[in-house]
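Student:
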Amino acid sequence: MTVRIKVRAGGPFAVEGPIRLVDAEGNPIDIADRKVVLLCRCGASRSRPFCDGAHYRIGFESPPPCAEEEEEPT
Ligand code: FES
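Each residue of the sequence shown is one higher than the one before, starting from 3 at the first, in the working numbering.
#1: CB-CB under 7 Å to C42, same chain, minus the five flanking residues each way: which ones, in chain order?
#2: Measuring only from the beta carbon, is G36 closer than 8 Å to any heavy atom that is part of the ligand FES?
#3: Between the alpha carbons of G28 and H57, how many angstroms are there, rounded?
#4: Cβ-heavy atom distance between C44 and the ligand FES below 8 Å?
#5: Is DSSP giving A16 helix, strand or coil here?
#6: Considering only the alpha carbon of each residue, which of G12, A46 and D32 lies closest to I21?
#7: Does at least one heavy atom of the ligand FES sit under 8 Å from the Cβ of P30?
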């Protein structure tokens with residue numbers, strides 16, 4: 003099965019598929035009961051690394067996608 007990561011506009015990363023989630027020390031984080039794991043990317047969640055909906059409260063806005071590099075003038 004393929005892992006799918008969806009970047010939600012103004013919200014978390016939604017990760018779906020067979021993954022292992024570990025903390026900064028490499029300790030496993032139990033996600034056995036979750037089909038989709040929502041990972042906070044706004045930094046305001048009180049249950050990090052998971053999203054708890056706090057992005058709505060703080061008005062998190064997604065950074066824009068990377069712009070294409072401009073060509074050097076010739
Ligand atoms: S992205 Fe949802 S609480 Fe941070």
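Just so you know, even glycine gets a beta-carbon here, dropped at the ideal spot from N, CA and C.
Tutor: Let me lay it out:
#1: Here residue 42 corresponds to residue number 40 of the sequence shown, with the count starting at 1. Only P14, R50, P51, F52 and C53 meet the Cβ criterion.
#2: Within the sequence shown, residue 36 is the residue found at index 34, counting from 1. Sequence check: residue 36 is Arg here, not Gly. Incorrect: R36 has no Cβ contact closer than 8 Å to the ligand FES.
#3: Looking up residue 28 in the sequence shown gives position 26. Looking up residue 57 in the sequence shown gives position 55. Between the C-alpha atoms of G28 and H57 there is a straight-line separation of about 26 Å.
#4: Counted from its first residue, the sequence shown places residue 44 at position 42. Answer for C44: yes, Cβ within range of the ligand FES.
#5: In the sequence shown, residue 16 corresponds to position 14, counting from 1. For A16, the secondary structure class from DSSP, reduced to helix, strand or coil, is strand.
#6: As a working note, residue 21 is residue 19 in the sequence shown. For I21, the nearest C-alpha among the options comes from D32.
#7: Locating residue 30 in the sequence shown gives position 28, counting from the first residue. Outside the cutoff, so no.
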